[in-house]
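Number of protein chains: 2
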Amino acid sequence: MRIIRSKKEMSAISRQIRRQEKTLGFVPTMGALHQGHLSLIQRAREETDFLVVSIFLNPIQFGPEEDFKRYPRVFKRDARLCRREGADVVFYPKADDMYPADFKTSVSVSELSQVLCGRFRPGHFQGVATVVAKLFNIVSPDIAYFGQKDAQQAIIIKKMAWDLNMPVKIKFVSTVRQNDGLALSSRNIYLKPKERKDATVLYQALNLARHLIKQGNVSARDIVRRMKQLINKKKTAVVQYISIVDLKDLRPVDKIKGKVLIALAVWVGKTRLIDNIIVNV
Amino acid sequence: MRIIRSKKEMSAISRQIRRQEKTLGFVPTMGALHQGHLSLIQRAREETDFLVVSIFLNPIQFGPEEDFKRYPRVFKRDARLCRREGADVVFYPKADDMYPADFKTSVSVSELSQVLCGRFRPGHFQGVATVVAKLFNIVSPDIAYFGQKDAQQAIIIKKMAWDLNMPVKIKFVSTVRQNDGLALSSRNIYLKPKERKDATVLYQALNLARHLIKQGNVSARDIVRRMKQLINKKKTAVVQYISIVDLKDLRPVDKIKGKVLIALAVWVGKTRLIDNIIVNV
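From first to last, the protein sequence lines are chains A and B. Counting along the first sequence from 1, when you hit position 108 you're at 108 in my numbering, and nothing is skipped either side. Counting along the second sequence from 1, when you hit position 67 you're at 1067 in my numbering, and nothing is skipped either side.
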């Protein structure tokens, strides 16, 4: 496995792979890898000939009040895991190289970026779309893999790639959870023991929604209300939002029908956690 | 020469050319080709193995009050000229195919897009950057050619390609002029005989600026004032803007030094004309 820091070198490797008519799989990450990332890497390893994992903590997707500084940086450990999972290249660019002082360009996906997490993280998804557009141009993958845990991000990236005619296929991979249901996240390490226990309520609330829908409840409003009640029982948990939206355009639904995304963000202590499920009625 | 309407087919041709290790040259146009476009095509023909010219009247770069409806559409003539100049492919996509109803993505280059023409055409350069990003992804050229006549556009596209790490080289080609100095433009056909005569004043004003700078005048303010005076002598001409800016960041300069772009937009009757020169002090 090679660790590549230079964009130019990365592009040269990609060109070479494409010339050999091999398929190139790509897993973009911000590092602090957990089993969720590894499941993306494993899927890419199975489905493509040459596997690139990028590790880049993207500054422009963090707001000024957010956790960019404290976000875990464990490159050596990340690289070891990538090697173990059979990655061919870890692409690990420097921030100054990705964003020189006179950087001016941005990619936006309207509507999809202003709802759900976008309401509370202005500029976040523009930062995500921009860095992924850059990474796609440098790495030029055939298939790129994104986790369903960040469903809105994955949907936005897929839309961007489609709208801009990027020659890449976007695949979504299921969320990986702890035994008690907590979705894996690089941010879970921020949780204190009591908060860690309370954090299971996110998935419990999603399961409550699934259960209610299965029983025939189609009122988004009623379901959201009951999810909130459940979460509010936990002392350390404060709901930021709970939304039930159409999976395609992320518009809120009143009456649940078709494929819906049930998504939520909850502050557990000082840590903001997100989770979601897709339900097909 | 092939005329291709389908994005998918265009991409397949490009992939094939790249597999043959040929270089692909690309000239994106809105049709209504004149000698200015042809000089781009000729340059591309000389420098690359396979030549694609796109003809696409891009709706999203026109403002609601602008001349989208009246812009000349002469595809048959355009295709004939492309064939004569040795193009291998004319890519002629449909608007619905480029912008389906649920299209949501945009590419912006901040600062560079808000000055000069951008002040008077809000959204214009975002429309340009977005369509060129799409075309680059579909055609995947090695080199793309832009005219200096639309200097701001060319500079924005070059910046976009650089910032987003697009694997394409951007080349600028000099403005082509009539014998009396008028820069060629698809919009010149709008001009009535008297206006056509008055329109020569744009280049006269630019030459006046060049002359003054050569004589040692370094005051942008003074030079702009004298250019305005000259243009105002023509009955049908109304200045929209005259700016002297740094060629790299398009910021206005007070004291002329280094490479500057002298750019102007002038209404001649109901026709908005632009022109520019680069002066190196």
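Note that CB positions come from ideal geometry on N, CA and C, so glycine has one too.
{"Item": "B/A1129, enclosing beta strand (DSSP E) - first and last residue", "Value": "Careful: B/A1129 lies outside any beta strand (DSSP E), inside the alpha helix (DSSP H) at H1124 to V1139."}
{"Item": "Among A/G216, A/R196 and A/F91, nearest to A/K255 - alpha-carbon criterion", "Value": "A/G216"}
{"Item": "Interfacial residues, the segment 1147-1179 of chain B to chain A, with Cβ spacing under 7 Å", "Value": "K1159, M1160, D1163, L1164, N1165, M1166 and P1167"}
{"Item": "DSSP bridge partner residues for A/T200 (one or two, in chain order)", "Value": "None, per the DSSP bridge assignment."}
{"Item": "Test: A/A133 CB closer than 8 Å to a CB of chain B", "Value": "yes"}
{"Item": "Interface positions of the segment 1095-1113 of chain B facing chain A (Cβ-Cβ less than 8 Å), listed along the chain", "Value": "D1102, F1103, K1104, T1105, S1106, V1107, S1108, V1109, S1110, E1111 and L1112"}
{"Item": "Buried or exposed (CB count within 10 angstroms, at least 16 for buried), A/S6", "Value": "exposed"}
{"Item": "Same chain, Cβ closer than 8 Å to A/G36, five either side skipped, listed in chain order", "Value": "G147, K149, T175, V176, A183, L184 and S185"}
{"Item": "For B/A1087, three-class secondary structure by DSSP", "Value": "coil"}
{"Item": "Residue of A/M98, A/R70 and A/Q42 minimising C-alpha distance to A/G86", "Value": "A/Q42"}
{"Item": "Status (buried if at least 16 other CB within 10 Å, exposed otherwise) for B/P1028", "Value": "buried"}
{"Item": "8 Å contact criterion, which A/L40 and A/V128 should meet: CB distance rounded", "Value": "Contact doesn't hold; Cβ gap of about 16 Å is too wide."}
{"Item": "For B/D1163, the three-state DSSP class (helix, strand or coil)", "Value": "helix"}
{"Item": "Spatial distance of B/Q1153 from A/V239 (CA atoms)", "Value": "46 Å"}
{"Item": "Contact the segment 1196-1204 of chain B vs the segment 1268-1275 of chain B: 3+ CB pairs below 8 Å", "Value": "yes"}
{"Item": "Limits of the beta strand (DSSP E) - the one that A/L261 falls within", "Value": "K259 to V268"}
{"Item": "Buried versus exposed call for B/Q1114 [16 or more other C-beta atoms within 10 Å across all chains shown]", "Value": "exposed"}
{"Item": "Of the residues B/K1169, B/V1268, B/L1261 and B/F1056, the one placed nearest B/I1277, counting alpha carbons only", "Value": "B/L1261"}
{"Item": "Closest by C-alpha distance to B/D1163, when choosing among A/M160, A/S106, A/A205 and A/L247", "Value": "A/S106"}
{"Item": "Inter-residue spacing [alpha-carbon to alpha-carbon] between B/S1108 and B/V1168", "Value": "18 Å"}
{"Item": "For B/S1014 and B/A1161, the rounded distance between their alpha carbons", "Value": "19 Å"}
{"Item": "C-beta contact flag for A/F50 and A/L24 at 8 Å", "Value": "yes"}
{"Item": "Exposed unless 16 or more other CB atoms sit within 10 angstroms - verdict on A/E21", "Value": "exposed"}
{"Item": "Cutoff 8 Å: A/A256 Cβ touching any chain B Cβ", "Value": "What sits at residue 256 of chain A in the sequence shown is Ile, not Ala. Closer than 8 Å: no."}
{"Item": "Within chain B, the residues that A/I55 reaches when beta carbons sit closer than 7 Å", "Value": "Under the 7 Å cutoff, chain B gives no residues; its nearest Cβ is about 17 Å from A/I55."}
{"Item": "Positions along the segment 10-35 of chain A whose CB lies within less than 7 Å of some CB in chain B", "Value": "S11"}
{"Item": "Cutoff 8 Å: B/K1007 Cβ touching any chain A Cβ", "Value": "yes"}
{"Item": "Cα-Cα separation between A/R251 and A/K228, rounded to whole angstroms", "Value": "20 Å"}
{"Item": "Reference B/V1224, options B/V1253, B/L1112 and B/D1102, closest by Cα", "Value": "B/V1253"}
{"Item": "Beta-carbon neighbours of B/I1138, restricted to chain A and to distances below 8 Å", "Value": "N165"}
{"Item": "Contact set for B/R1073: own chain, Cβ-Cβ below 7 Å, skip 5 residues either direction", "Value": "G1031 and L1057"}
{"Item": "Range of the contiguous beta strand (DSSP E) that encloses B/R1068", "Value": "Note on residue identity: the sequence assigns Phe, not Arg, to residue 1068 of chain B. Counting along the chain, B/F1068 falls outside any beta strand (DSSP E), and DSSP gives it neither H nor E."}
{"Item": "Euclidean distance between Cα positions of A/V245 and A/Y71", "Value": "29 Å"}
{"Item": "Touch test, the segment 1087-1103 of chain B against the segment 1111-1125 of chain B, Cβ-Cβ under 8 Å, three pairs minimum", "Value": "no"}
{"Item": "A/D150, DSSP secondary structure in three states", "Value": "helix"}
{"Item": "Contact set for A/A151: own chain, Cβ-Cβ below 7 Å, skip 5 residues either direction", "Value": "L261, A263 and N276"}
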